[in-house]
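Just so you know, we're using the UniProt record's numbering here: the sequence shown kicks off at 1 and counts up by one. These notes are about the structure you will find just below.
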Amino acid sequence: MIGPRANSSTSLASRADWVLAGALPSSDDFPADWGYGLSGSLRRSSLPETTASSTAPQPGPRAVYEPAQCTKIPQLLTHSGAALAAELDVDRYTQLFARNARIWDWPATGESDEHGPSAHFEISVVPDGPERIANYLDWLGRCGSYQVTNYDFNGRFKDHRSATTVRKDHWTDDAVVAAVVTRTFVTAGRDEPPVTYLVSYYALRGVILECSVHMETTGDRELVQRRAAETLQRLRAL
Numbered sequence: 001m002i003g004p005r006a007n008s009s010t011s012l013a014s015r016a017d018w019v020l021a022g023a024l025p026s027s028d029d030f031p032a033d034w035g036y037g038l039s040g041s042l043r044r045s046s047l048p049e050t051t052a053s054s055t056a057p058q059p060g061p062r063a064v065y066e067p068a069q070c071t072k073i074p075q076l077l078t079h080s081g082a083a084l085a086a087e088l089d090v091d092r093y094t095q096l097f098a099r100n101a102r103i104w105d106w107p108a109t110g111e112s113d114e115h116g117p118s119a120h121f122e123i124s125v126v127p128d129g130p131e132r133i134a135n136y137l138d139w140l141g142r143c144g145s146y147q148v149t150n151y152d153f154n155g156r157f158k159d160h161r162s163a164t165t166v167r168k169d170h171w172t173d174d175a176v177v178a179a180v181v182t183r184t185f186v187t188a189g190r191d192e193p194p195v196t197y198l199v200s201y202y203a204l205r206g207v208i209l210e211c212s213v214h215m216e217t218t219g220d221r222e223l224v225q226r227r228a229a230e231t232l233q234r235l236r237a238l
């Protein structure tokens, strides 16, 4: 299937956040009994440029990464310098809960406020999307496996995890640079199964579309992936 032809002369960064949010799936795109939450920014602002370090915890949450060559976490994971335009969360089982403030490098730490099978879509405005994906894949070549120690907001030890990432796909065309990985976390000292995410990144004309899927069944994962592909086609058409 050939999607709509992109207007390659127009940066999506020039589009209002509500326009970008309109490319995300609607509640009708998922089963009626799934939870659905769409949010966006009234005023676009970028996260500060920063990178993770394996130093001791600073005031507020700071993870410690090992081995040494894996301590500089790529911007694709930290979202530094990115401006969130819109995000969407769906839950396999409808539920109400208070979302904690996310730490800035949460995709690398395995820290999450999810309560069961879920998926997360995010559109961020970035100046260098293709470069971020390339830098991430380069880092992944050295750090397909690493260890991370997490601390709570008071700087106290919280947990220790091993993380393993496998590259599933990487492709480019005249408008998009894409990468797909599986990211698995195992928490030490806990009697719980590993947690695996299927994560897709698409860099397109000044934005990155990210889709992270943590679902129990192949059918649910494929449904979310189809919705991500449809979102990409709508972004192409803007």
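We treat Cβ as the ideally placed atom computed from N, Cα and C, and that holds for glycine. Bear in mind the structure is a predicted one, so any value in this text is a computation, not a measurement.
Residue i to residue j, Cα distance in whole Å?
{"i": "Phe153", "j": "Tyr65", "result": "17 Å"}
{"i": "Arg142", "j": "Gln69", "result": "7 Å"}
{"i": "Thr10", "j": "Ser118", "result": "33 Å"}
{"i": "Thr231", "j": "Pro25", "result": "7 Å"}
{"i": "Gly37", "j": "Arg156", "result": "32 Å"}
{"i": "Ala108", "j": "Glu216", "result": "21 Å"}
{"i": "Pro194", "j": "Asp169", "result": "22 Å"}
{"i": "Arg190", "j": "Asp159", "result": "9 Å"}
{"i": "Ala63", "j": "Gln147", "result": "10 Å"}
{"i": "Arg221", "j": "Asp91", "result": "12 Å"}
{"i": "residue 266", "j": "Arg161", "result": "Nothing about residue 266 can be reported from this structure: the residues present for the chain run from 1 to 238 only."}
{"i": "Gly206", "j": "Ser145", "result": "30 Å"}
{"i": "Thr78", "j": "Ala32", "result": "33 Å"}
{"i": "Val177", "j": "Ala237", "result": "16 Å"}
{"i": "Ile133", "j": "Ala179", "result": "7 Å"}
{"i": "residue 250", "j": "Thr71", "result": "The chain is shown from 1 up to 238; residue 250 falls before or after that span and cannot be answered."}
{"i": "Gly129", "j": "Asp89", "result": "22 Å"}
{"i": "Tyr201", "j": "Cys211", "result": "7 Å"}
{"i": "Asn135", "j": "Pro74", "result": "7 Å"}
{"i": "Val166", "j": "Val186", "result": "15 Å"}
{"i": "Val19", "j": "Arg183", "result": "30 Å"}
{"i": "Phe175", "j": "Leu235", "result": "What sits at residue 175 in the sequence shown is Ala, not Phe. If I take the Cα positions, the gap works out to 11 Å."}
{"i": "Leu198", "j": "Ala188", "result": "22 Å"}
{"i": "Gly35", "j": "Asp29", "result": "12 Å"}
{"i": "Ser41", "j": "Leu204", "result": "20 Å"}
{"i": "Val224", "j": "Glu111", "result": "22 Å"}
{"i": "Pro67", "j": "Thr149", "result": "12 Å"}
{"i": "Ala13", "j": "Thr164", "result": "33 Å"}
{"i": "Tyr93", "j": "His214", "result": "12 Å"}
{"i": "Ala16", "j": "Ser39", "result": "14 Å"}
{"i": "Glu192", "j": "Gly22", "result": "37 Å"}
Determine, for residue i, whether the minimum Cβ-Cβ distance to residues of chain D falls below 8 Å.
{"i": "Leu235", "result": "Absence of chain D from the displayed structure is noted, only one protein chain being present."}
Where DSSP assigns a beta bridge to residue i, which residues make up the other side?
{"i": "Leu198", "result": "Thr182, Val213"}
{"i": "Asn154", "result": "Bridge partners of Asn154: none, in fact."}
{"i": "Arg167", "result": "Val181"}
{"i": "Thr149", "result": "Val64, His160"}
{"i": "Thr109", "result": "Bridge partners of Thr109: none, in fact."}
{"i": "Ala203", "result": "Val177, Ile208"}
{"i": "Thr172", "result": "Val177"}
{"i": "Thr187", "result": "Arg161"}
Following the continuous alpha helix (DSSP H) through residue i, name the residue where it begins and the one where it ends.
{"i": "Gly219", "result": "218 to 237"}
{"i": "Tyr136", "result": "129 to 142"}
{"i": "Val19", "result": "17 to 21"}
For residue i, verify whether its CB is less than 7 Å away from any heavy atom of the ligand FMN.
{"i": "Gly22", "result": "By its list of ligands, the structure shown contains no ligand whatsoever, and the ligand FMN lies outside what it can speak to."}
Which two residues bound the contiguous beta strand (DSSP E) that contains residue i?
{"i": "Leu38", "result": "35 to 40"}
{"i": "Ser26", "result": "Where Ser26 is concerned, there is no enclosing beta strand (DSSP E), given that its DSSP letter is neither H nor E."}
{"i": "Thr122", "result": "The sequence as given places Glu at residue 122; Thr does not occur at that position. 118 to 125 is the span of the beta strand (DSSP E), which, as asked, contains Glu122."}
Q) With a cut-off of 8 Å, do at least 3 Cβ pairs link the stretch 83 to 93 to the stretch 117 to 132? A) Three or more Cβ pairs closer than 8 Å define a contact, and the stretch 83 to 93 meets that threshold against the stretch 117 to 132.
Q) Where in the stretch 71 to 97 do unbroken runs of the beta strand (DSSP E), each at least 3 residues long, occur, reported from the N-terminal end onward? A) 83 to 91
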